[in-house]
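Counting from 1, one number per residue, gives the positions in the sequence shown under the UniProt record's numbering.
Idealized CB from N, CA, C, for every residue including glycine.
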Amino acid sequence: SSMRTESASTMQQAEAAREAVKASEARLEASRTELARMEAAKQGAANKMKYGEAEVASLKREVAEQRKKSNLWLERVSLLTTESVSARQQLTEAQKVIDRQAQEN
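So, in structure tokens, the structure goes:
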């Protein structure tokens, strides 16, 4: 009878140990799942960062290109302004010559 009691007690302890192992395995699996989710989120964030960096680099190139175009236009406007001033001066000089000739005649 005492062996039966010990055997029953041992069986209860073994069952309790099995339940504890099952609970530990369930927690371990939940932890693995959470770790996998966190790794996926980390990878997603890294991918977004790489995409963002590529987009920034592209925008920097575009800004540099627009700056070049802007500088070319400024040079053209400056040249046209200089030509316009020169043409105006020539016109003024020509008008003076015409006026002088008209007064002489």
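Please report the distance separating the alpha-carbon of Arg67 from that of Leu80.
Taking the straight line from one Cα to the other gives about 20 Å.
Item to complete: Would you tell me roughly how many angstroms separate the C-alpha atoms of Glu6 and Ala14, rounded to the nearest one?
Response: Using only the alpha carbons, I get a separation of about 12 Å.
(Q) The alpha helix (DSSP H) that contains residue 151, what's its start and end? (A) The requested residue 151 is not part of the displayed model; the chain covers only 1 to 105.
Query raised in the report: Taking the C-alpha atoms as reference points, what is the distance between Arg61 and Arg76?
Result: A straight line joining the alpha-carbon of Arg61 with that of Arg76 spans about 23 Å.
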